[in-house]
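In our numbering, the protein residues as written are 22 to 321.
The following block contains the structure:
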């Protein structure tokens, strides 16, 4: 093709010189300019629609959407979303400057795309959102013991339940079972947890626990309630709710922010054979990301 164009150029020049016309050469030059749509380059403002997915380990060869710019994703009637998918107003295209403010995997794959072009690509963790932090992963044993008797500060009790009085019955704000005031002092209230052995309760966190047994020494003011956590598949959890179970979870949003992650307390509870993992890492951390991108507009 190049050889043919060269011969044609020479022929045009010869014809032009013989007729005294340079304009013929000039006219040919403009006709040969490539007629193709503009490509995205570094520094361009790019407007796109996109869908981002993660692999769903619960179902073979399937994926779930973790983010999208579409209000209604084309061709999908009932989308499957990740556990911590953020509900927000969608429908507007996403604008960004190529090479700035987005993950490296996007820059590499969107660079060179034309207006109107669509593309599918995957982004490994090192070019996406990086590694997950072990500091945001916690373990809870599947079985645990809770004291039958609980001493609570009067002010804390008043905040949760109102003015305390003897034999007052209240519902535990985490476990969901009844507890009763057995005595009180000037600054404290003593409560007895009263779950029923063999019964299943649903804590504030959202999963189930079964009361396996209640220690017989409870009548002497001691004793323990033996529980088994029942979680069969991953569920979403909020650190604020879980902080009622353990105070260490109250600081999760600040901890995540300090690690450059989102500032919410969203996490996932994952059941294992002998324990439960509570993972507060953003779901995209340490994961390969799968994108579908459509370039709508490019501004140079």
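C-beta: ideal position from N, C-alpha, C; glycine also. All figures in this text were calculated on a predicted structure; none of them were measured in a lab.
Taking its Cβ as the centre, do 16 or more other Cβ atoms sit within 10 Å of residue 89, making it buried, or is it exposed?
buried
Distance between residue 144 and residue 203 (C-alpha atoms, nearest Å)
59 Å
Note down the Cα distance separating residue 317 from residue 302, rounded to an integer number of angstroms.
32 Å
When you compare the CB positions of residue 214 and residue 200, do they come within less than 7 Å of one another, or not?
yes
Check the DSSP bridge columns for residue 116 and list the partner residues they point to.
68
Which residues does DSSP list as the beta-bridge partners of residue 211?
172 and 204
Please work out which residues of its chain come closer than 6 Å, Cβ to Cβ, to residue 205, disregarding the five sequence neighbours upstream and downstream, and give them in chain order.
185
Give the straight-line distance between the Cα atoms of residue 167 and residue 140, rounded to the nearest whole angstrom.
54 Å
Residue range of the beta strand (DSSP E) that includes residue 197
Residue 197 -> no beta strand (DSSP E), and no H or E assigned at all.
Take residue 315 and list the residues in its own chain whose beta-carbon comes closer than 7 Å to its own, dropping the five residues that flank it on each side.
Close CB contacts of residue 315 within its chain, under the 7 Å cut and outside five residues either way in sequence, are with 69, 70 and 139 (chain order).
Where does residue 305 sit, in a helix, a strand or coil, going by DSSP?
Reduced to three states, the DSSP call for residue 305 is coil.
Can you tell me which of the three DSSP states residue 218 falls into?
DSSP places residue 218 outside both helix and strand once states are collapsed to three, so it counts as coil.
Which residues in the same chain as residue 266 place their Cβ atom closer than 6 Å to its Cβ, once the five residues preceding and following it in sequence are excluded?
Setting aside the 5 residues that flank it on each side, residue 266 is surrounded in the same chain by 195, each with a C-beta closer than 6 Å to its C-beta; the list follows chain order.
Give a yes or no on whether the C-beta atoms belonging to residue 297 and residue 250 are separated by under 7 Å.
yes
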